[in-house]
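See below for the structure under consideration.
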Amino acid sequence: MSCFFILVLSSLIIAQDKIVFVSDRSGIDEIYIMNIDGSDQVNLSSNYHENWFPIVSPAGYQIVFVSQHHRIGEIQIMNINGAGNYHLTEEDGGDYAPNISPDGNKIVFEANRDVGESEIYIMDINGANQTNLTNETAIDQLPQFLPNGEHIIFNTNRDGNFEIYIMEINGMNQTNLSNDLGDDFMQLYSPNGEQIVFVSTRDGNEEIYIMNVDGENQLNLTIDDGSDLEPAFSPDGSKVIFISNREGFYGIYTVNTDGSELTYLSTSSNGDYSPNYSLDGSKILYQSYINDNYEIFMMNADGTNQINLTNNNGSDKEPQFQPSLVQDSLEIEFTVDWNLIGLPLGLVNQEIDYIFPESIAGTLFSFGETYFQEQEMEFGNGYWLRFNSNGSTFLSGIVINEWIIEVSNGWNIIGGISTPVSVNDFILENNLILPETVYEFYGSYVNADILIPGKGYWIRTIQEGFITISSQN
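All the letters of the sequence shown, read from the start, carry residue numbers -17 to 455 under my numbering.
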């Protein structure tokens, strides 16, 4: 009998308690994560290169970002804990502004690799099938998937000035939506995908406009002499948040989508930037210029209770909330003697005595050319563990349905994810793994058909590198 899982909770618990941001406190820009109260600030990228533009995947498991190598940007991906960090692009010219599809399977980005100006490219989440969608001599930049996952909006100057365009995800039917004499940019779609908010200079200065996703009903929401920038929708789509320098320094404002109820939220900094709402709309995250550098602040949606979350000598910027994560509980069964195991959920406490209190002390072993005795488990890794009798343990934690694992050349022990995955699909999506070399343990080794949560597996790879386990496989 092997380890398997049983769903225990029918109701799912939603958690949104992390913030991802960029900080240069180490001397260069790195990707950090912290708790929503500012505690436990951790450097995730830690790769001795400048790192910018982090985008958390819709499921919240991974971060796609831009890292500077040889003075150009390359797109990389890593797990939400910083593990599994590897390149998705390594081309001349530089790749920037990644955006992840709603289903988490595709990345659209701008690339300077072709003759002429930047182009819009699309690729699989693992970096495969990189395809030029625009093929223009003009600048094409800042692509974003619409919530339906079937269309991409982007910015281009192919008509002589910058306009907002839309196209299908295969590059077909590229259409000018804004279509005016000014420059239109900083576009962002509404949560339901039916409207687009953007900045336009058609009135002689930067104003916040809104339009339908087909380009109809374009409306100026701000109408003032200042510079209005960085618009974004509230989660319910009823408000637009933005920054404006109409009071001198840039501050944060909100306005209804019909232009009514303009509200000033900022108080006493030398500039507030990059505002965005929490998923429930109750909080606003932003960066503030204070004490000669940028800090990450959070406030209530009405502007009250403004709190400095970072408060250090470096500049902290580009904050965003981690998408909500699903929590669940599983029962993991084990058998007497040795078991190959893995973590089925993301856990805060990863000590073996907490996870498997019934196990024999000192029998947790990982593998890396030889065996290593361990006291803690890490998600994605596989382990040997020994028990005196049959039994089970109940675990509660974060459901993780996709994970990147770094592997060595030859034999490795890996764990599964929070849902079963077909071994055939797993091998098909990871060309580093030799066919017929995924083994589970039932007192003896047998070829595995399914990667089951809570179990560990031997796999053999043709070289070192990175593999991905995904419920999308």
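Just so you know, even glycine gets a beta-carbon here, dropped at the ideal spot from N, CA and C.
{"Query": "Other residues of its chain near Ala214: CB distance less than 6 Å, five sequence neighbours each side excluded", "Result": "Leu170, Ile223 and Asn258"}
{"Query": "Whole-Å CB distance - Gly362 paired with Ile334, under 8 Å assumed", "Result": "The Cβ separation is near 16 Å, so there is no contact."}
{"Query": "For Leu26, three-class secondary structure by DSSP", "Result": "coil"}
{"Query": "Alpha carbon of Met280 to alpha carbon of Ser390, nearest angstrom", "Result": "42 Å"}
{"Query": "Phe205 in three-state terms, based on DSSP", "Result": "Sequence inspection shows Ile at residue 205; the Phe mentioned does not correspond to that position. Ile205: coil per DSSP, three-state reduction."}
{"Query": "Inter-residue CB distance, Ser160 and Phe180 (contact presumed, cutoff 8 Å)", "Result": "7 Å"}
{"Query": "Alpha helix (DSSP H) runs contained entirely in the stretch 288 to 344, provided each spans 4 or more residues", "Result": "334 to 337"}
{"Query": "Proximity below 8 Å, CB of Ser49 to CB of His31", "Result": "yes"}
{"Query": "Proximity winner among Thr443, Ile225, Val403 and Met16, relative to Asn413 (alpha-carbon distances)", "Result": "Thr443"}
{"Query": "Gln304 versus Leu267 - alpha carbon distance", "Result": "11 Å"}
{"Query": "Span of the beta strand (DSSP E), counted from its first residue to its last, around Phe180", "Result": "Gln177 to Ser182"}
{"Query": "Interface flag, Met60 vs chain C, CB-CB below 8 Å", "Result": "Among the protein chains of the structure shown there is no chain C, as only one such chain exists."}
{"Query": "Residue span of the alpha helix (DSSP H) that contains Ile399, given as start and end", "Result": "Run containing Ile399: none; DSSP gives neither H nor E here."}
{"Query": "Length of the line joining the Cα atoms of Glu351 and Trp393", "Result": "8 Å"}
{"Query": "C-beta contact flag for Asp122 and Ile102 at 8 Å", "Result": "yes"}
{"Query": "Extent of the continuous alpha helix (DSSP H) run through Phe408", "Result": "Val405 to Glu411"}
{"Query": "Environment of Leu(-6) [buried if 16+ CB atoms lie within 10 Å]", "Result": "Because Leu(-6) carries a pLDDT of 45, less than 50, the predicted location of this residue cannot be relied on, and the following value inherits that uncertainty. The residue is exposed, with fewer than 16 neighbouring Cβ atoms inside 10 Å."}
{"Query": "Proximity to Ser248 [Cα-Cα], best of Arg140, Thr138, Glu229 and Gly398", "Result": "Glu229"}
{"Query": "Closest Cα partner of Gly447 within the set Asn17, Val405, Gly219 and Ala65", "Result": "Ala65"}
{"Query": "Rounded Cβ spacing between Asn293 and Gly219 (contact assumed at less than 8 Å)", "Result": "Their Cβ separation, rounded to whole angstroms, is 33 Å, which puts Asn293 and Gly219 out of contact at 8 Å."}
{"Query": "Nearest-angstrom Cα separation, counted from Gly197 out to Asn108", "Result": "33 Å"}
{"Query": "Beta-carbon proximity list for Tyr14, same chain, < 6 Å, skipping 5 on both sides", "Result": "Phe3, Ser5, Gln23 and Asn25"}
{"Query": "Residue burial classification, Phe376 (beta-carbon count within 10 angstroms, cutoff 16)", "Result": "exposed"}
{"Query": "Beta-carbon separation (whole angstroms), Leu70 vs Ile57, contact threshold 8 Å", "Result": "5 Å"}
{"Query": "Start and end residues, beta strand (DSSP E) containing Gly373", "Result": "Gly373 to Ile380"}
{"Query": "As assigned by DSSP and simplified to three states, the class of Leu244", "Result": "coil"}
{"Query": "N- and C-terminal bounds of the beta strand (DSSP E) containing Phe35", "Result": "Asn33 to Val38"}
{"Query": "Any non-hydrogen atom of the ligand ATP within 7 Å of Val318 CB", "Result": "Judged by which ligands are present, the structure shown has none, so any question about the ligand ATP falls away."}
{"Query": "Start and end residues, beta strand (DSSP E) containing Pro125", "Result": "Asp122 to Phe127"}
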